[in-house]
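Novice:
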């Protein structure tokens, strides 16, 4: 059943083709998009069950054995990332039914949305660096199309910044891939693990570490390469921003984790020391940027940057507990951050603005939405017993075990400033009265629109509550995934078998 590993990208690719061909029929794209996401969710759930029951799963495309052919691999990390991506894809697809206008559908919104999901899922299952680059390019093309779909000046401005920085990332990534191939003669990640472990070329290895930190760091929006994100993420419709916020930067973090555990393990520590400094600066600059904003979407966009710092911190600390914290944090953050943007979209739909000074009254007008915001926002800030608390607990405990007390202090300070930003949104958008009279209740929305707004938000909030109130199973899963990353023998053997160069 190894062919199942190809379905997470084949399903959305086929759906994209059908959606594009049927875009002139009003409901075809919508039905295809939602059905594709449902099917993708089922397939990724099956893949996770297969990995849990039988260990690392490998598929060799065209029956070409590794490292000569295209290899697809699913371990615990990639399996959980596939499942959470499918969950977010389905939630945003349903939310988008109420938000995406007919003009954008005719321009191919559903097609590009499915291609974006294909790029994300392909990145998680690929077993070689060249195909990782290919899937990154699929994501770039699809995300740029979604970003500028509608052709407004704000979208074109944000899209230009977005694509310019991502093209730089592409150039750096291709340079690193070329150097690696020149050094080793392979791009299969399992084979690279074997080759690089015995290579005596410290200068070349340091250069490669820096190249990949910069290449993947641009996509992950780490310091100081993050400025494109808050300059572009407020431009597209909220469903597009929500899926960007939940998934795109996390693919960059996933690539960093995969390469720095499989290709560049701790060794002399140079790469991880650089990652540690970058992580802390990313946390601080992101949260300070959020504190200075008074526009709902821009506050949340800067918080994407800040939270990426926590994910990179887990990789930089390089212990099983720290990596488990990063994995837990990544899943928690994808769910909570996507949900915050969906809530932001609903708030903007009700009040007519995203400027905090121009909105208000949502606590009284839409108490259900206020409660859902509270769950997502205070989980992001790390309030117990919500999911963000356990994720930060694992990272802080790991830093204390390594006597990195200043790291712990910066993480706690970032959490406090995150709470300040979330409290600012609560006070301005929800608590204070709206500056103008009007009906801002959810009742003003048609029942079908209200269901498409609240349904995904409620489901994501329940996932956040489940991770917070019942954290033990997922903490255990995260610890097992972290062990697999730091001891990749099973991964390498599953891919290469007894092959020796």
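In our numbering, the protein residues as written are 11 to 511. Just so you know, even glycine gets a beta-carbon here, dropped at the ideal spot from N, CA and C.
1) Would you say residue 340 and residue 388 are within 8 Å of each other, going by their C-beta atoms?
2) From residue 368 to residue 72, what distance separates their C-alpha atoms?
3) Starting from residue 86, trace the alpha helix (DSSP H) in both directions and tell me its first and last residue.
4) Can you grab the Cα-Cα spacing for the pair residue 123 / residue 411, in whole Å?
5) Who pairs with residue 69 in a beta bridge, going by DSSP?
6) With H, G and I counted as helix, E and B as strand and the rest as coil, what does DSSP make of residue 210?
7) Can you give me the C-alpha to C-alpha distance between residue 111 and residue 100, rounded to a whole angstrom?
8) Determine the direct distance from the alpha carbon of residue 335 to that of residue 403, and round the result to whole angstroms.
9) List in chain order: all unbroken alpha helix (DSSP H) runs of 4+ residues lying wholly within the region 249-303.
10) Kindly indicate if chain C contains any beta-carbon less than 8 Å away from that of residue 349.
11) With a threshold of 16 other CB atoms inside 10 Å of the CB of residue 74, please say whether the residue is buried or exposed.
12) So what does DSSP say about residue 361, is it helix, strand or coil?
13) Does DSSP classify residue 136 as helix, strand or coil?
14) Between 26, 471, 93, 421, which lies nearest to residue 287 when the distance is taken from Cα to Cα?
15) Round the Cβ separation of residue 366 and residue 306 to the nearest angstrom and send it over; I've been treating them as touching at under 8 Å.
16) CA-CA distance, residue 363 and residue 356?
17) Determine whether the beta carbon atoms of residue 269 and residue 222 lie at a separation below 8 Å.
18) Along the chain, where does the alpha helix (DSSP H) that runs through residue 114 open and close?
19) The alpha helix (DSSP H) spanning residue 453 covers which residue range?
20) Look up residue 176 in the DSSP assignment and say whether it is helix, strand or coil.
21) Throw me the rounded Cβ distance for the residue 211 and residue 189 pair, which I believe falls under 8 Å.
22) Using only CA atoms, which one of 168, 92, 30, 20 lies nearest to residue 238?
23) May I have the straight-line CA-CA distance separating residue 114 from residue 370, to the nearest angstrom?
24) Considering just the uninterrupted stretch of the alpha helix (DSSP H) at residue 485, what are its terminal residues?
25) Kindly give me the distance between the Cβ atoms of residue 327 and residue 451, rounded to whole angstroms, as I take these residues to be in contact under 8 Å.
26) Are the CB atoms of residue 523 and residue 104 nearer to each other than 8 Å?
27) Between residue 314 and residue 325, what straight-line distance do the alpha-carbon atoms span, to the nearest angstrom?
28) In the DSSP output, which residue or residues are listed as bridge partners for residue 305?
29) Grab me the residues of residue 183's own chain with a C-beta within less than 6 Å of its C-beta, minus the 5 sequence neighbours each way, in chain order.
30) Return the residue from the list 205, 198, 231, 164 that minimises the CA-CA distance to residue 175.
31) In this structure, does DSSP put residue 198 in helix, strand or coil?
32) Which of the three DSSP states, helix, strand or coil, is assigned to residue 232?
33) Using C-beta distances below 8 Å, list every residue in its chain close to residue 378, excluding the 5 sequence neighbours before and after it, in chain order.
34) Measuring CA to CA, which of 131, 243, 320 is closest to residue 400?
35) Which same chain residues, not among the five before or five after residue 468, have their C-beta less than 8 Å away from its C-beta?
36) Thinking just about the alpha-carbon of each residue, which of 52, 25, 53, 132 is nearest to the one in residue 40?
Specialist: Based on what the coordinates show:
1) The sequence position of residue 340 within the chain shown is 330, counting from 1. The sequence position of residue 388 within the chain shown is 378, counting from 1. Result no, Cβ atoms of residue 340 and residue 388 do not sit closer than 8 Å.
2) Counting from one through the chain shown, the residue named residue 368 turns up at place 358. Counting from one through the chain shown, the residue named residue 72 turns up at place 62. Residue 368 and residue 72: Cα-Cα distance of roughly 58 Å.
3) One-based indexing of the chain shown puts residue 86 at position 76. Unbroken alpha helix (DSSP H) run through residue 86: 86-106.
4) Against the chain shown, residue 123 aligns to sequence position 113. Against the chain shown, residue 411 aligns to sequence position 401. When rounded, the distance between both Cα atoms is 43 Å.
5) Along the chain shown, one-based indexing puts residue 69 at 59. Per DSSP, 82.
6) Here residue 210 refers to the residue found at position 200 when the chain shown is read from its first residue. If DSSP states are grouped into helix, strand and coil, residue 210 belongs with coil.
7) Taking the first residue of the chain shown as 1, we reach residue 111 at position 101. Taking the first residue of the chain shown as 1, we reach residue 100 at position 90. Cα to Cα, residue 111 sits roughly 18 Å from residue 100.
8) Residue 403 sits at position 393 when you count from the first residue of the chain shown. Residue 335 sits at position 325 when you count from the first residue of the chain shown. Cα to Cα, residue 403 sits roughly 8 Å from residue 335.
9) 259-272, 280-301
10) Absent from the structure is chain C; it holds one protein chain and no more.
11) The residue labelled residue 74 in the question sits at position 64 within the chain shown. When all chains shown are included, residue 74 counts as exposed.
12) Reading the chain shown from its first residue, position 351 is the one you call residue 361. DSSP places residue 361 in helix when its eight states are reduced to three.
13) On the chain shown, position 126 is the one that residue 136 refers to. Collapsing the DSSP output to three states places residue 136 in a strand.
14) Here residue 287 refers to the residue found at position 277 of the chain shown. For the residues 26, 471, 93, 421, the minimum Cα distance to residue 287 belongs to 421.
15) One-based indexing of the chain shown puts residue 366 at position 356. One-based indexing of the chain shown puts residue 306 at position 296. Indeed they touch by this definition, with Cβ atoms about 6 Å apart.
16) Taking the chain shown and counting its residues from 1, one reaches residue 363 at position 353. Taking the chain shown and counting its residues from 1, one reaches residue 356 at position 346. Roughly 10 Å between the two C-alpha positions.
17) For this step, residue 269 is matched to residue 259 along the chain shown. For this step, residue 222 is matched to residue 212 along the chain shown. Cβ atoms of residue 269 and residue 222: closer than 8 Å.
18) Position 104 of the chain shown, counted from the first residue, corresponds to residue 114. Looking at the DSSP string, the run of the alpha helix (DSSP H) that includes residue 114 is 112-116.
19) On the chain shown, residue 453 is found 443 positions in, with the first residue counted as 1. Element bounds for residue 453: n/a, residue is neither H nor E.
20) Working through the chain shown from its first residue, we reach residue 176 at position 166. DSSP places residue 176 in helix when its eight states are reduced to three.
21) Stepping through the chain shown from its first residue, residue 211 is reached at position 201. Stepping through the chain shown from its first residue, residue 189 is reached at position 179. The C-beta distance from residue 211 to residue 189 rounds to 10 Å, too long to fall under 8 Å, and the pair is not in contact.
22) Numbered from 1 along the chain shown, position 228 holds the residue referred to as residue 238. Out of 168, 92, 30, 20, 168 has the C-alpha closest to the C-alpha of residue 238.
23) Counting from one through the chain shown, the residue named residue 114 turns up at place 104. Counting from one through the chain shown, the residue named residue 370 turns up at place 360. Rounded to whole angstroms, residue 114 to residue 370 spans 29 Å at the Cα level.
24) Mapped onto the chain shown, residue 485 falls at position 475. In the DSSP assignment, residue 485 falls within the alpha helix (DSSP H) that extends over 482-496.
25) Along the chain shown, one-based indexing puts residue 327 at 317. Along the chain shown, one-based indexing puts residue 451 at 441. Contact doesn't hold; Cβ gap of about 46 Å is too wide.
26) The displayed coordinates of the chain run from 11 to 511. Any statement about residue 523 would go beyond what the structure contains.
27) Working through the chain shown from its first residue, we reach residue 314 at position 304. Working through the chain shown from its first residue, we reach residue 325 at position 315. Roughly 17 Å between the two C-alpha positions.
28) For this step, residue 305 is matched to residue 295 along the chain shown. DSSP, once it has assigned bridges, lists 365 as partnering residue 305.
29) If you number the chain shown from 1, residue 183 lands on position 173. Around residue 183: 143, 225.
30) Position 165 of the chain shown holds residue 175. Of the listed residues, the one whose Cα sits closest to residue 175 is 231.
31) Start at 1 with the first residue of the chain shown, and residue 198 comes out as number 188. Residue 198 falls in the strand class under three-state DSSP.
32) Numbered from its first residue, the chain shown carries residue 232 at position 222. Correct three-state label for residue 232: coil.
33) The count along the chain shown starts at 1 and reaches residue 378 at position 368. 452, 464.
34) Indexing the chain shown from 1 puts residue 400 at position 390. 320 is the residue among 131, 243, 320 whose C-alpha sits nearest the C-alpha of residue 400.
35) Reading the chain shown from its first residue, position 458 is the one you call residue 468. Excluding positions up to five away in sequence, the list reads 382.
36) The sequence position of residue 40 within the chain shown is 30, counting from 1. Measuring from the Cα of residue 40, the nearest candidate turns out to be 25.
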